[in-house]
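In my numbering, the protein residues as written are 939 to 1053.
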Amino acid sequence: ATAAGNLTPSPSPNPLPRPAACPPPPAKKEICPIDVLKLGACVDLLGGIVHIGLGDPVVNKCCPVLAGLVEVEAAVCLCTTLKIKALNLNIYVPLALELLITCGKSPPPGYTCSL
């Protein structure tokens, strides 16, 4: 019989610890970083676009408000304002996206103004 102190333990295989599964990042809530009331008058002007097209009053009133926003923020702000005013999104969203382009903002590809 050998003494317990003379035995060299065989190295136990050390399996690499599995990295903890990272949870997916939370869905980024799209929020408008400005007071949407500032866009209220702008959206009111969109009603006239249905009949006359984009013009100076719309550009002068809307573009300065949208100027400091990135594209997705500008789209979200217009969408939020349309919803607050309870406007027909089928009519006003295309106008709002056209407005973004007129103001030098490209709406994000596939952006939809969801309820």
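Glycine residues also receive a C-beta, built at the ideal position from the N, C-alpha and C atoms. As the structure is a prediction and not an experimental result, all values here were calculated from the model.
> Which class does K1023 belong to by DSSP, given the choice of helix, strand or coil?
Replying inline: Against the sequence shown, residue 1023 aligns to sequence position 85. Three-state result, K1023: coil.
>> Can you tell me whether L1004 is buried or exposed? The criterion is at least 16 other CB atoms within 10 Å of its CB, across all chains shown.
In response: As a working note, residue 1004 is residue 66 in the sequence shown. Buried.
>> Which residue wins for smallest C-alpha separation from K976, given the options L984, I969, C1000, E1036?
In response: The residue labelled residue 976 in the question sits at position 38 within the sequence shown. Each of L984, I969, C1000, E1036 was checked against the Cα of K976, and the nearest Cα belongs to C1000.
> Skipping 5 residues on each side, what residues in its chain have a beta carbon closer than 7 angstroms to that of T1055?
Replying inline: The shown model of the chain, from 939 to 1053, leaves out residue 1055, and the question about it has no answer.
>> If I follow the unbroken alpha helix (DSSP H) through L1004, where does it start and stop?
In response: Counting from one through the sequence shown, the residue named residue 1004 turns up at place 66. For L1004, the enclosing alpha helix (DSSP H) has its first and last residue at 994-1004.
> What do you get for V996, buried or exposed, if any count of 16 or more other CB atoms within 10 angstroms of its CB means buried?
Replying inline: If you number the sequence shown from 1, residue 996 lands on position 58. Buried is the call here.
> Sorted by chain position, which residues of the same chain lie with C-beta nearer than 6 angstroms to C1051's C-beta, five sequence neighbours on each side aside?
Replying inline: Taking the sequence shown and counting its residues from 1, the one referred to as residue 1051 is at position 113. Counting only residues of its own chain and dropping the five nearest sequence neighbours on each side, C1051 has a CB closer than 6 angstroms to the CB of C1017, L1027, V1031.
> In angstroms, rounded to a whole number, what distance separates the CA positions of P1045 and I1029?
Replying inline: As a first step, residue 1045 is located in the sequence shown; it is residue number 107 there, counting from the start. As a first step, residue 1029 is located in the sequence shown; it is residue number 91 there, counting from the start. Straight across, the Cα-Cα distance linking P1045 with I1029 is about 17 angstroms.
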